[in-house]
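S.K.: Those letters in the sequence shown? Residues -18 to -1, 1 to 105, per mature numbering (1 follows the signal peptide of the UniProt record, and there is no 0), in order. Cβ atoms here follow ideal geometry from the backbone N, Cα and C, with glycine treated the same way. This structure is a prediction, so every number in the text was calculated from the model and none was measured.
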Amino acid sequence: MKKWIYLAAVVCFVAIIAACGTSGGTSEAGGVIDTDASAAEVVVKAKSWEFEQAEYKIKQGEAINLKLESTDGVHGIQVTKTDITIPNNKSKTISLKAGEYTIVCNVPCGTGHTKMQAKLIVE
Ligand SMILES: [Cu+2]
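#1: Compare the Cα-Cα distances from Ile85 to each of Lys41, Asp18, Asp54, Leu48 and report the closest residue.
#2: Kindly indicate the opening and closing residues of the beta strand (DSSP E) around Cys87.
#3: Give a single yes or no on whether Val26 has its beta carbon closer than 7 Å to a heavy atom of ligand 1.
#4: In whole angstroms, what separates the C-alpha of His57 from that of Val89?
#5: When you compare only the Cα positions, how much space is there between Val104 and Gly81?
#6: Can you tell me which residues form a DSSP beta bridge with Asn47?
#7: Look up Thr96 in the DSSP assignment and say whether it is helix, strand or coil.
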């Protein structure tokens, strides 16, 4: 009897994992893709407490190495509506659908942290 319960639990677990596999990872808007070292690089420079540019523009569907370079303090990037997060001084290859996204700092970095935002425009 106990064996059946165990088996049912395993089946449920596998079903949950499988569901995650189909919907997880890259969101509908796009996001992190396989690393492509030859992709064009877009550097987002960050300091306490602002990003260098108010706006960053990329082309839709294009593979971009989005790099976060902190010149002052420790920061991180999160792109709203996507699964994109980039740790301090790291880069990831991304690809996005057209639209307007917001780059926010996701590392609590001090008094101006919540004001650290920039637009990411995908055309
Ligand atoms: Cu911050």
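M.R.: This is what the structure gives:
#1: Leu48
#2: 81 to 87
#3: no
#4: 5 Å
#5: 5 Å
#6: Glu23, Thr75
#7: helix
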